[in-house]
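Written out as structure tokens, the structure reads:
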């Protein structure tokens with residue numbers, strides 16, 4: 006009887022450990038996907054020299070992922086001393102991108118452990134700077 010109970014406890018412990026590990030791996034995949042998307046946005050901004058249409062396309066790219074929890078915010082800084090302008094949706098034009106020299110990118114996303122569903126979803130942010 007003692008061996009039977011010990012075996013059951015061992016199986017339950019292994020199942021809990023495997024479930025937590027799989028949940029952690031799933032959350033890690035979510036984080037990696039968000040950081041890759043942020044890196045893509047930063048790279049596109051840098052390669053376009055802060056083109057207004059490219060900035061607007063970055064918001065389309067984030068929307069195209071199908072992840073409603075992704076929220077992109079881009080703050081553009083200017084070389085001529087104008088105050089920084091923050092975009093949370095498409096709306097950039099050539100006037101407000103003139104003399105842009107740097108952009109700060111924030112991508113908010115939910116970090117969820119799959120086993121616990123939405124009970125413990127927390128908001129994380131991936132930061133990047135396009136220079």
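In the numbering used here, the protein residues as written are 6 to 136.
For every residue, glycine included, the Cβ atom is placed at its ideal position computed from N, Cα and C.
What you are looking at is a predicted structure, and each value in this text was computed from that prediction instead of being measured.
| query | result |
| --- | --- |
| Euclidean distance between Cα positions of residue 125 and residue 75 | 17 Å |
| Stretch pair the stretch 9 to 20 + the stretch 42 to 52: three plus CB contacts closer than 8 Å | no |
| Residue nearest to residue 94 in terms of C-alpha spacing, selected from 6, 135 and 111 | 111 |
| Supposed contact pair residue 8 and residue 117 - C-beta distance, whole angstroms, cut 8 Å | No, residue 117 and residue 8 are not in contact; Cβ-Cβ is about 39 Å, not under 8 Å. |
| Helix, strand or coil at residue 24 according to DSSP, with G and I counted as helix | helix |
| Residues of its chain near residue 13, where Cβ-Cβ distance is below 7 Å and the 5 sequence neighbours each way are ignored | none |
| Where residue 127 sits in the DSSP three-state scheme | strand |
| Per DSSP, cross-strand counterpart(s) of residue 12 | Residue 12 pairs with nothing; no bridge assigned. |
| Proximity below 9 Å, CB of residue 62 to CB of residue 136 | no |
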